[in-house]
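J.: The first sequence runs 24 to 868 under my numbering.
Take this structure, written in C-alpha cells, and hold onto it; I'll ask about it next.
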Amino acid sequence: MADYNHRKIEKKWQKIWEKSGIYKTKEIKSKPKYYILDMFPYPSGEGLHVGHPRGYIATDVYSRYRRMKGFNVLHPMGWDAFGLPAENYAIKHKIHPKIAVNKNIATYKRQLKAIGLDYDWSREINTAAPNYYKWTQWIFLQFFKKGLAFQSFEPINWCPSCKTGLALEDLDGNLCERCGTLVEKKPMRQWVLKITAYAEKLLKDLKLLDWPNPIIEQQKNWIGKSEGAIVKFGVRCQMSDVKNNIEVFTTRLDTIFGCTYLVIAPEHKLVSSIIRQLADQVSNLKEVEKYIQESKKKSEIQRTDLAKDKTGIELKGVKAVNPFNNEEASVFVADYVLGSYGTGAVMAVPAHDQRDFEFAKKYNLPIKMVICPNYPKPICPVLDKAYIEDGHLVNSGQFTSLTSQEAREKMADWLKKNKIGGKTIKYRLQDWVFSRQRYWGEPIPLIHCEECGAVAVSEKDLPVKLPPIKSYEPTGTGESPLANITKWVNVKCPKCNGPAKRETNTMPQWAGSCWYYLAYIVKENSKFKIPMPTGRQENSKLLKKWLPVDFYVGGAEHATRHLIYARFWHKFLYDIGVVPTKEPFHKLANQGLILAEDARKMSKRWGNVISPDEIIKNYGADTLRVYEMFMGPFEQAINWSADSMVGSRRFLERVYKLVSSIIRQPADQVSGVKNSNLERLLHQTIKKVTEDIENFKFNTAISALMILLNEMEKQSQLSIVSCQLFLKLLSPFAPHLSEELWQQLKAQSSRQRRGSPKAAKLKVFKSIHEESWPKYDKKMIKEETYKIPIQINGKVRAEIEIETDWKDEKVKEAALANETVKKWISGKEIKKVIYAKNKIVNIVV
RNA sequence: GCCCGGGUGGCGGAAUGGUAUACGCGCACGACUUAAAAUUGUGUGGAGCAAUCCAUGUGGGUUCGAGUCCCACCCCGGGCACCA
C-alpha cells in the first residue's frame, strides 16, 4: 500500500482549492454571515515560527466549521506593514523599508499558504499601500475636523534609541516597549488624539463584549476611572493675599478636615507660576529651584520606586487655605505626586493616607485624625500607620458624625454651592501621542501655514504619499527624516494659497490597524472598489452586512494597545455615522504563546526557533495543524515538543491507512454494515466535536476523534458512511488529508452506483469543505445500558449494569443485591441510598 | 500592595458536585524481523504478596459524595502600581 505522502497530497489540494476559489467570500442571500478575523502580522523579521500560526490555525478550523454549517464566512488576512518593527528591520539590513516589507510579506504569505489556511486572498490588505493609507489619513482628518486631533507641546516620552516620541501605551514600565531603552521626558511639538474624550464610553461598553475576563479587567485598569472631587485651595502669603488657587483632586473628600499640607508635582505649571509671581515671598527660592532641577533629572523609575524615601521641599512663605475651615496648610513640592494625573496637586491627609503619613513623619508635619474607626467611641490618637478605611467623621465642623460616604456627597454639594469645586471623575488614561519622528509611517495629512495655522489637506488630494527618500534613518533631532525633503515639504496653503509647509511627522504603527477590519469588508479584488468615506450607500450597506467582527483572535499582549485604540477609532466612526455598531469586535479569544522546548520564548537570540517550513516538509501541514490544536488548551501557554508531535502524525497515518483500506475493498463488502455501538459512538463524537469547536476546545475535539478512530480500527467491517462522517469531522483540522480521502471515497461510491444517473453529477468538483457539517441524532446517542458505580459511604466498591428505563427503586434494589455490596454492608445499618440518575449509587451505612 | 489567571501521573493534559488520571507522549514486556527501525498487541499514579490503603499545592469547612463549592494560606504566570 502507498504510504501517506503528505507532500504530494498537500500541494495537490492547495492548487485545486486556489483554482476553484472555494475560499472566496460568498454572499449567498439565504445564508447568515460570519466574520472571523485574525490579528494581522507585522511582516518584519525572519518569517514565521511555529508559534505564530496557532491562532491562525484556530480561526481556520473555526471558519471551515462555520462554512460547513451554512454561513457566508469572511476570513481575510493582511499586513500591518508600517511602523517601527518593519522600519528597524529595514535599517538593520540596509534595504528600503518598502522593499524589505514586500519581501517579508512574500515570505509570510508563502508560509501561511503552506499551512493550508482558508483565507480569501482577494481581500488582502497592506497598511503601507497608498490606496489603503489614503483612508487612514482620511479618518485622521475627521478627528482633526472634530477637534479630537490637536497639537500639544507638553513633555512626552522619548525613546533615545528609536529616536521618536512614544505614547504611554508604547511603554513597558519606563522602558521603550520596542527596544527596552529607558525613555526620557522631552518637551516637543506633537499631534495628540483625544482618546480621553471616549474614556467613559470605552469603559461602559466593555459590558457589551464577549471577551475574556483578563482583557476586560486590563482595559478597566488601563482606563482607571476614579470618582472624587476637585477642591480649590486659596493661596495666602505673609505679605498679601493672592488670587491664585491650587486645585487638588481627591477621592477622599471626607478627610479634608485632616488636611495638614498640600503637595504639588515639581513639573506642574503651577509651581513655576507661583515661583514667578511670588518670587520675593518664597524665602527658600533657591533650594526649591534646585529640588525641581534634581527631580527633572531623575528617571521615572527612581521617582516611582515605592521603596524609596519620599522627598520634598516646602514653599516657605506660601500657605494654602482649606476652604472648609479656613485653616492654613503648608505647601510642598514633592515628586511623589505626579504631574500627569489628576490636577498634579494633592491635599495631604497624613492620618488617612499612607504616603502622606510617611511624608509627614519624615518632615515632622502635623497628623490629624478626622475619621474615627470605632465611632462613637473616642479615637485613639497614636497611629503607626495611616488609617485608610471609611468611618465616621470627627473634628470636621458641621460634617462631624456623618459616615465617610455621606460626607463625600454633602461636602461635594457644599463645594459646588460655593463654587470652589465639586464632584469630578478622573481617568488614568492619557491622550494618545500620535506623531512619530520616523519615516516609515502614514504622513499626517496637514499643512502648516503661517497665516492659517494647521490646515487639513483637502480630501480630494489624499493620499499624501510618503515620498521616496535617500536616508530614512531617524534624525534624532525631533524632526522626521521627511523634513529634509524641501521639495515635498514646501507647499501652498490649501486655505489662503500662501507659502506653507507639510507636517513631517508620521503616524504611529497602531494607526493602520485601527480600521483594517473595515477595509476587508469594503475591499474587493485588488482595489477598494467602494471607497471608504462612507455615507456612500453601497459602502454602508456592506458595513451593515458584515459588522461587527463576530470573532476576533489574537495575542493578549494587545489588550491595552491595539484593542483600546481600535475601539476608540470605531466609536468615533460610529459617532460620525460611518459604522453601524458601537463596538468593532464582538467576541475575542487570545491564543497562548507557544514556547520553545526549553520553555523560553522562541527567538533568534536563543537559537531555539522552529520554523513551520521544516515541520511541513517533514511531517506535513496537517500534522502541524493537528498538533498545534491538540497540544493543550488554546488560551494557555505551552512548550513545543517534537516528541509529542509524532502522536499527531501517527494519528493521521492511521486515518490514511484505515480509509485507504476501505477504498480498496470491493464495493459490496463495505456498505450496509450496521453496528449500533459504533453508530452510537459516531453520533456522540459528532456532538462532542461540534460543541468543542464552538467552545474553542480543540484539544478535546481531537481526542474525541482519536477515540472514534481507535474504535473504527477494531471493526471488522466499516461502512463508507461512517468513514465519510469521520472525514467531515476531521476536515477542519486536517483539510488536505480529509479532502484526499473524501474524493477517493466519493469515486469509490460512484463506482458502486455505476449506471445510475447520479454518477454523472459527481464529476463536478465539490470539496469536502463545501459539504454540510454532520448532525447528530439525539436518539442515537442514548445508551441502552449503563455501567454505574456503587459507592458505600462515598467510596467506590462495586459496579452494576442497569438499563436506561429502570425505575430508581429497581436500580437501588439491584445495587443492594450486588455480592460485593452485600459484603460491605453486612451487619451495618443502611441509613440512606442515594441514586443520581444514570450516574452513581451511594449507600450510606 | 491591588486586580486577573493557574497549581492533577515521568511529560502535555482530561473531568455539567457523581468511577480522578480520558486522549496523546514516554516507558516496560510480547509479536513481526537475521537484526534494527517502522508497525502492532498488552500493561503503565504510588505503597502492599494481598485484602486494602494513600494520592488533584497546604490546612480547615459544606455535602451522601469535592480536582470542582466556601474560608485561610503557600507557590507559579500575567497586568497595574507613590493614580491622591
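A virtual CB, placed ideally from N, CA and C, is assigned to each residue, including glycine.
By the DSSP assignment, the alpha helix (DSSP H) with PRO183 in it spans what residues?
T.: In the first sequence, counting from the first residue as 1, residue 183 sits at position 160. Segment: none, PRO183 is in no alpha helix (DSSP H) and carries neither H nor E.
J.: Please report the straight-line C-alpha distance between TRP878 and TYR156, rounded to a whole angstrom.
T.: Because the chain in this structure spans residues 24 to 868, residue 878 falls outside the shown range and cannot be described.
J.: Taking DSSP as the reference, what is the three-state secondary structure of THR529?
T.: Along the first sequence, one-based indexing puts residue 529 at 506. Looking at THR529 - three-state DSSP - the assignment turns out to be strand.
J.: Kindly identify the DSSP beta-bridge partner or partners of SER175.
T.: Looking up residue 175 in the first sequence gives position 152. Note: SER175 sits in a beta bridge opposite GLN213.
J.: Bridge partners for ALA871 per DSSP, in chain order?
T.: The structure shown does not extend to residue 871, since the chain is modelled only from 24 through 868, so no value can be given for it.
J.: In three-state terms, what does DSSP make of MET370?
T.: What you label residue 370 is simply residue 347 of the first sequence in a count that begins at 1. Strand at MET370.
J.: How far does the alpha helix (DSSP H) with GLN316 in it extend, from its first residue to its last?
T.: The residue you call residue 316 lines up with position 293 of the first sequence. Element bounds for GLN316: 308-320.
J.: Would you say ASN733 and PHE653 are within 7 angstroms of each other, going by their C-beta atoms?
T.: Taking the first residue of the first sequence as position 1, residue 733 is located at position 710. Taking the first residue of the first sequence as position 1, residue 653 is located at position 630. It is not a contact, given that the beta carbons lie outside the stated cut-off.
J.: DSSP on GLU337, reduced to helix/strand/coil?
T.: The count along the first sequence starts at 1 and reaches residue 337 at position 314. GLU337 falls in the strand class under three-state DSSP.
J.: With the cut-off set at 7 angstroms, would you say LEU596 and VAL602 are in Cβ contact?
T.: As a position in the first sequence, residue 596 is number 573, starting the count at 1. As a position in the first sequence, residue 602 is number 579, starting the count at 1. Yes.
J.: Just to confirm the assignment, what range does the beta strand (DSSP E) spanning GLN707 have?
T.: Translated into the one-based positions of the first sequence, residue 707 becomes position 684. Element bounds for GLN707: not the beta strand (DSSP E) but the alpha helix (DSSP H), 699-717.
J.: Based on the DSSP output, what are the partners of ASP195 in its beta bridges?
T.: The count along the first sequence starts at 1 and reaches residue 195 at position 172. DSSP, once it has assigned bridges, lists LEU198 as partnering ASP195.
J.: For ILE59, does the three-state DSSP call read helix, strand or coil?
T.: Counted from its first residue, the first sequence places residue 59 at position 36. Strand at ILE59.
J.: Assuming contact is defined by CB atoms lying nearer than 7 angstroms, are ASN528 and SER458 in contact in what I supplied?
T.: Looking up residue 528 in the first sequence gives position 505. Looking up residue 458 in the first sequence gives position 435. Cβ distance < 7 angstroms, so ASN528 and SER458 count as in contact.
J.: Within its chain, find whatever has a CB closer than 6 angstroms to the CB of ILE128; leave out the 5 residues flanking it on each side and keep chain order.
T.: For this step, residue 128 is matched to residue 105 along the first sequence. Cβ within range, chain order: PRO66 and TRP102.
J.: Going by DSSP, what residue range makes up the beta strand (DSSP E) through ASP573?
T.: Against the first sequence, residue 573 aligns to sequence position 550. Unbroken beta strand (DSSP E) run through ASP573: 572-577.
J.: Which residues bound the alpha helix (DSSP H) around HIS29?
T.: Locating residue 29 in the first sequence gives position 6, counting from the first residue. Segment 29-43, the alpha helix (DSSP H) holding HIS29.
J.: In three-state DSSP terms, what is VAL669?
T.: Position 646 of the first sequence holds residue 669. Here VAL669 sits in helix by DSSP.
J.: Specify the secondary structure class of GLY850 as computed by DSSP and reduced to three states.
T.: In the first sequence, residue 850 corresponds to position 827, counting from 1. Here GLY850 sits in coil by DSSP.
J.: Would DSSP call HIS471 helix, strand or coil?
T.: For this step, residue 471 is matched to residue 448 along the first sequence. DSSP places HIS471 in strand when its eight states are reduced to three.
J.: Within its chain, find whatever has a CB closer than 7 angstroms to the CB of GLU9; leave out the 5 residues flanking it on each side and keep chain order.
T.: Any property of residue 9 remains undetermined from this structure, which presents the chain solely from 24 to 868.
J.: Going by other Cβ atoms of all chains shown within 10 Å of its Cβ, with 16 needed for buried, is LYS255 buried or exposed?
T.: As a first step, residue 255 must be located in the first sequence, where it is residue number 232. LYS255 is buried by the Cβ-count criterion.
J.: Going along the chain, which residues of its own chain have a beta-carbon closer than 6 angstroms to the beta-carbon of GLU526, five neighbours each way excluded?
T.: Sequence index remark: in the first sequence, residue 526 carries index 503 (1-based). Result list for GLU526: ILE467 and LEU469, in chain order.
J.: Rounded to the nearest angstrom, what separates ASP928 and PRO517 at their Cα positions?
T.: The structure shown does not extend to residue 928, since the chain is modelled only from 24 to 868, so the question has no answer here.
J.: Which same chain residues end up closer than 7 angstroms to PHE347 when comparing Cβ atoms and leaving out the 5 residues on each side of it in sequence?
T.: For the purposes of this step, residue 347 is taken as residue 324 along the first sequence, with counting starting at 1. The residues are ILE279, PHE280 and GLY420.
J.: Quick check on ALA137: does DSSP put it in helix, strand or coil?
T.: Taking the first residue of the first sequence as 1, we reach residue 137 at position 114. If DSSP states are grouped into helix, strand and coil, ALA137 belongs with the helices.
J.: State the DSSP-derived secondary structure class of THR808, mapped to helix, strand or coil.
T.: One-based indexing of the first sequence puts residue 808 at position 785. If DSSP states are grouped into helix, strand and coil, THR808 belongs with the strands.
J.: Kindly list the residues whose CB is nearer than 6 angstroms to the CB of TYR221, restricted to its own chain and excluding five residues on each side of it in sequence; keep chain order.
T.: Numbered from its first residue, the first sequence carries residue 221 at position 198. Closer than 6 angstroms at Cβ, skipping near neighbours: PHE591 and LYS594.
J.: Helix, strand or coil for LEU611? Go by DSSP, reduced to three states.
T.: As a working mapping, residue 611 is identified with position 588 in the first sequence. Strand at LEU611.
J.: List the residues that DSSP assigns as beta-bridge partners of GLN814.
T.: To locate residue 814, count along the first sequence from 1; it is residue 791. According to DSSP, GLN814 bridges with VAL819 and ASN865.
J.: Could you check where the alpha helix (DSSP H) with ALA589 kicks off and where it finishes?
T.: Taking the first residue of the first sequence as 1, we reach residue 589 at position 566. Per DSSP, ALA589 belongs to the alpha helix (DSSP H) from 585-598.
J.: With DSSP collapsed to three states, give me the class of VAL601.
T.: Working through the first sequence from its first residue, we reach residue 601 at position 578. Looking at VAL601 - three-state DSSP - the assignment turns out to be coil, as it is neither helix nor strand.
J.: Less than 8 angstroms between C-beta atoms, sequence neighbours within five positions excluded: which residues of the same chain meet that for TYR87?
T.: If you number the first sequence from 1, residue 87 lands on position 64. Note on residue identity: the sequence assigns Arg, not Tyr, to residue 87. For ARG87, where only same-chain residues beyond five positions count, the Cβ hits under 8 angstroms are ASP141, SER754, PRO755, PRO758 and HIS792.
J.: For the alpha helix (DSSP H) holding SER296, just list the boundary residues, first then last.
T.: To locate residue 296, count along the first sequence from 1; it is residue 273. Counting along the chain, the alpha helix (DSSP H) containing SER296 begins and ends at 292-300.
J.: Given this structure, state the Cα-to-Cα distance separating PHE272 from ARG431, to the nearest angstrom.
T.: To locate residue 272, count along the first sequence from 1; it is residue 249. To locate residue 431, count along the first sequence from 1; it is residue 408. So the two alpha carbons sit approximately 13 angstroms from each other.
J.: Who are the near neighbours of GLU651 in its chain, counting only those whose CB is closer than 6 angstroms to its CB and skipping five residues on each side?
T.: Taking the first residue of the first sequence as 1, we reach residue 651 at position 628. Result list for GLU651: ARG77 and ILE80, in chain order.
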